[in-house]
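Protein chains in written order, with the numbering used here: chain E, 1 to 427; chain F, 428 to 516. Below is one structure; the comments refer to it alone.
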Ligand SMILES: Cc1cc2nc3c(=O)[nH]c(=O)nc-3n(C[C@H](O)[C@H](O)[C@H](O)COP(=O)(O)OP(=O)(O)OC[C@H]3O[C@@H](n4cnc5c(N)ncnc54)[C@H](O)[C@@H]3O)c2cc1C
Ligand code: FES
């Protein structure tokens, strides 16, 4: 058994660092904001991240907001990192946390070389991309759309010269535009083939509905007018039936909602894709095969909260579609039912980076209060309000009904609260 | 390419048709599906295929929303054996 008990030879061998007040796992926008907030209150804070740069998924983001301003994730990451360092936060990169354990009212955090300990623990591990299986998806040159984003915007390496995007959603639309800004030819975006694992990504009607909520992103008359025009289901059906065969062009990229990629081909690497016309339910129409040459393929299956460490800590979960999948149960103060365990950012549901930052601030105050810091109750309450305001103004909505999702999870929290006579956490 | 040959779990090379057949034959949960086919038990610890295997349990999810279909276990990332207990290599 690899798990060591304190004082065992293993712990001595790999080295244990001094106790921190707070450890944050994940140096994304949520983790960095939480760390700065708590450190400003005088707490001893450590942030651990497995990646080589701080910033998490914020690093790759680059898009124009509806007010015309550009959101440059790389610059925002530098700012958040500097702020944390200035507040005295210690940040350790390229270090994987592979296990966590609660022992004698503190947390033991296992990394490859050092075991860290803390009184409070924040999981800000973000989100991961869902895969979409189709024939040929294991060929070299096929990658997730997020990988293409990181290669292009973070490492400044072209994933290829000519790419095809499979999966049409808010994220892949935003990244398609980013690839194009970097001078990479995106030949088209189309749906994945219909199978037991791809259904909601493969039915033109469902994809269209999801896209309509993001229509502010699309400088296309069809989608923009569409969003007002197609508020009733009948019009939506009509819309998808009348969807032009050649697709609709967004930033010069054809978006094919009536075509699916049924195969990726190539001998040693991607050489192209086979694409077919599909009916409104996603079934391919025979005799419509065409082949499109390309040298890389991006797969976009959407995001889900990356909550593996919460699972290891035995934190209870609840499945909420609107939040992207299984979410650790938590309240508005970012507390989980496990003592000393907090969550913030995309681990609590898929939303944009600004919301992750505002949730991080809430978690920072909650942990500071739990660490015995006085006079922060108002700050905490204000920071919770800020989360709501930020959500209202969000530029990108990954799920149109995210508010409903948030309510579901908070109800789950309330349902778990058994009235107790000495509940010290109630403010 | 044969559609039946779509690989779902890369590490253990389990195909979609194999999963569909097993799920239909035994009417099993995502967890049982994993144990029967080894899908999700490979080197990456299911980090690549887990959501796809979970999706097979989707119909049963209504009753089971508060339980993660496939349990998370440490180590959540591959770690060299030497680091886990033995002498450092
Ligand atoms: C591919 C992708 C693209 C996105 N694009 C956009 C976009 O364009 N616009 C937008 O608004 N939102 C986007 N998002 C959503 C994004 O998740 C949020 O904007 C925001 O970055 C979430 O912040 P976070 O702090 O919760 O998590 P993240 O920014 O994801 O940070 C989590 C950090 O935790 C670290 N980590 C995780 N597990 C461990 C572990 N076990 N040990 C050590 N470190 C660990 C990771 O390395 C990562 O740095 C995208 C998400 C993804 C996955
Ligand atoms: S892809 Fe299935 S275990 Fe790695």
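Even glycine gets a Cβ: it sits at the ideal position worked out from N, Cα and C.
* **Nearest residue (CA-CA) to residue 142(E), options 52(E), 361(E), 20(E), 268(E)** => 268(E)
* Asked: What are the residues of the stretch 122-156 of chain E that lie near chain F, defined by any Cβ-Cβ distance shorter than 7 Å?
  -> 130, 131, 133, 134, 135, 136, 138
* Run the CB neighbour count on residue 404(E), radius 10 Å, all protein chains shown included, and call it buried at 16 or more, exposed below. => exposed
* residue 313(E) - DSSP class collapsed to helix/strand/coil -> coil
* Contact test: residue 272(E) Cβ vs ligand 2 heavy atom, cutoff 6 Å -> no
* Which residues, in chain order, sit with a beta-carbon under 7 Å away from any heavy atom of ligand 2? -> 436(F), 437(F), 438(F), 439(F), 466(F), 467(F), 468(F), 469(F), 470(F), 471(F), 472(F), 473(F), 474(F), 475(F), 476(F)
* **Min CB distance residue 311(E) to chain F below 7 Å** => yes
* To do: Starting from residue 72(E), trace the beta strand (DSSP E) both ways and give me its first and last residue.
  => 70-72
* Can you grab the Cα-Cα spacing for the pair residue 52(E) / residue 467(F), in whole Å? => 27 Å
* Interface residues of chain F facing residue 269(E) [CB-CB closer than 7 Å] -> What residue 269(E) touches in chain F: nothing, since even the nearest Cβ is about 15 Å away.
* Given that residue 437(F) touches chain E, what residues does it touch there, using C-beta distances under 8 Å? -> 138
* To do: Can you have a look at residue 285(E) and say buried or exposed, based on whether 16 or more other CB atoms are within 10 angstroms of its CB?
  => exposed
* 7 Å Cβ shell around residue 447(E) - same chain, five flanking residues per side excluded -> In the structure as shown, chain E starts at 1 and stops at 427, and residue 447(E) therefore has no counterpart that could be examined.
* **Proximity to residue 472(F) [Cα-Cα], best of 438(F), 491(F), 464(F)** => 438(F)
* Could you tell me which chain F residues have their CB closer than 8 Å to the CB of residue 317(E), listed as they occur along the chain? => 493, 494, 495
* Asked: Residues in its own chain within less than 7 Å of residue 43(E) by CB, not counting five upstream and five downstream?
  -> 21, 22, 368, 371
* For ligand 1, any of its heavy atoms closer than 6 Å to the Cβ of residue 76(E)? -> no
* To do: Under 7 Å between beta-carbons, which chain E residues line up against residue 479(F)? List them in chain order, please.
  => 131, 133, 197
* For the alpha helix (DSSP H) holding residue 389(E), just list the boundary residues, first then last. => 377-392
* Hey, could you find the ends of the beta strand (DSSP E) residue 122(E) is sitting in? => 115-123
* Report yes if the C-beta distance between residue 73(E) and residue 59(E) is below 7 Å; otherwise report no. => yes
* Among all the DSSP beta bridges, which residues are the ones paired with residue 436(F)? -> 441(F)
* Any contact of the stretch 453-470 of chain F with the stretch 158-168 of chain E, i.e. 3+ C-beta pairs under 8 Å? -> no
* Hey, is residue 342(E)'s beta-carbon within less than 7 Å of any beta-carbon in chain F? -> no
* Asked: Is residue 349(E) near ligand 1, going by C-beta to nearest heavy atom under 6 Å?
  -> no
* Completely contained beta strand (DSSP E) runs for the stretch 258-337 of chain E, where each covers 3 or more residues -> 272-277, 290-293, 296-299, 303-305, 317-320, 325-328
* **Cβ contact check for the stretch 294-303 of chain E and the stretch 124-142 of chain E: 3 or more pairs under 8 Å** => yes
* Asked: Between 117(E), 40(E), 182(E), 260(E), which lies nearest to residue 160(E) when the distance is taken from Cα to Cα?
  -> 182(E)
* Secondary structure at residue 58(E), three-state DSSP: helix, strand or coil? -> helix
* Validate contact between the stretch 116-134 of chain E and the stretch 23-34 of chain E using beta carbons, cut 8 Å, 3 pairs -> yes
* **Simplified DSSP state of residue 18(E), which is helix, strand or coil** => strand
* Apart from the five residues just before and just after residue 308(E), which ones in its own chain have a Cβ nearer than 8 Å to its Cβ? -> 125
* To do: With DSSP as the reference, please indicate the residues paired to residue 453(F) in a beta bridge.
  => According to DSSP, which records beta bridges pairwise, residue 453(F) is partnered with nothing at all.
* Chain-ordered neighbours of residue 206(E) on chain F, where CB pairs are closer than 7 Å -> Those within 7 Å of residue 206(E) in chain F number zero; the least Cβ separation is about 15 Å.
* Asked: Tell me which same chain residues have a C-beta within less than 7 Å of the C-beta of residue 190(E), skipping the five on either side of it?
  -> 166, 256, 259, 260, 261, 275
* CA-CA distance, residue 415(E) and residue 320(E)? -> 16 Å
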